[in-house]
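All remarks here apply to the structure that follows.
In our numbering, the protein residues as written are 35 to 185.
Okay, structure coming up:
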């Protein structure tokens, strides 16, 4: 489903002559094709799943955020702006992200649900959160909340 959305978005961006969207969607499709080829060696001929595509998109957003930070420190605002534009395009294909309050509520619920009591339960807590909220939660923030609750 995400594959067809990406291909449709590329066609629309080309017709609209939106250079940033065209470039960004092509980057996404190239990374997707690379992952599909890698998956073939594991016997997966259908390509990667939508969940794996979402993980790919989240990794791309994370890379761009890190780049923005570096460009800002290096006094290159035009490059930081370009990366921010790419993030906007990529985020159109991601499911809505949970807010900070929703993340905190989800972590609290998961901690009580699995009976986590101390930092030793951090791994179980994060695994349960990844299982339930894959693609919709910033696990960096969730880890901080879980550490505060379990610590």
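The beta-carbon is built from N, C-alpha and C at its ideal position, and this holds for glycine as well.
Proximity winner among 159, 168, 58, relative to residue 182 (alpha-carbon distances): Your numbering for residue 182 matches position 148 in the chain shown. Here the closest residue by C-alpha is 159.
Host alpha helix (DSSP H) of residue 70 (start-end): For the purposes of this step, residue 70 is identified with residue 36 of the chain shown, where counting begins at 1. Its alpha helix (DSSP H) spans residues 53 to 74.
Other residues of its chain near residue 95: CB distance less than 7 Å, five sequence neighbours each side excluded: Counting from 1 along the chain shown, the entry for residue 95 is found at position 61. Result list for residue 95: 121, 124, 125, in chain order.
Backbone secondary structure at residue 180 - three-state DSSP: Here residue 180 is taken as the residue at index 146 of the chain shown, counted from 1. Helix, per DSSP.
CA nearest to the CA of residue 91, picked from 131, 45, 143: Residue numbering aside, residue 91 sits at position 57 when the chain shown is read from its first letter. Looking at 131, 45, 143, the one whose alpha-carbon comes closest to that of residue 91 is 131.
Residue from 70, 86, 135, 146 with nearest C-alpha to residue 80: Against the chain shown, residue 80 aligns to sequence position 46. Checking every option, the nearest Cα to that of residue 80 belongs to 70.
Sequence ranges, alpha helix (DSSP H) only - wholly within the segment 105 to 175, length at least 4: 111 to 125, 134 to 148, 156 to 167
Coarse secondary structure for residue 83, derived from DSSP in three states: The residue given as residue 83 occupies position 49 in the chain shown. Of the three classes helix, strand and coil, the one that applies to residue 83 here is coil, per DSSP.
Cβ-Cβ separation, residue 156 to residue 163 (assumed contact under 8 Å), whole Å: Taking the first residue of the chain shown as position 1, residue 163 is located at position 129. Taking the first residue of the chain shown as position 1, residue 156 is located at position 122. Not confirmed; about 11 Å, so no contact.
Rounded straight-line distance, which links the Cα of residue 147 to that of residue 73: As a first step, residue 73 is located in the chain shown; it is residue number 39 there, counting from the start. As a first step, residue 147 is located in the chain shown; it is residue number 113 there, counting from the start. Taking C-alpha positions only, residue 73 is separated from residue 147 by approximately 35 Å.
7 Å CB neighbourhood of residue 58 in its chain, flanking five on each side removed: Residue 58 sits at position 24 when you count from the first residue of the chain shown. Only 120, 123, 124 meet the Cβ criterion.
Cβ shell of residue 28 (< 8 Å), same chain only, five flanking positions each side left out: Here the chain comprises residues numbered 35 to 185, so residue 28 is not present and cannot be evaluated.
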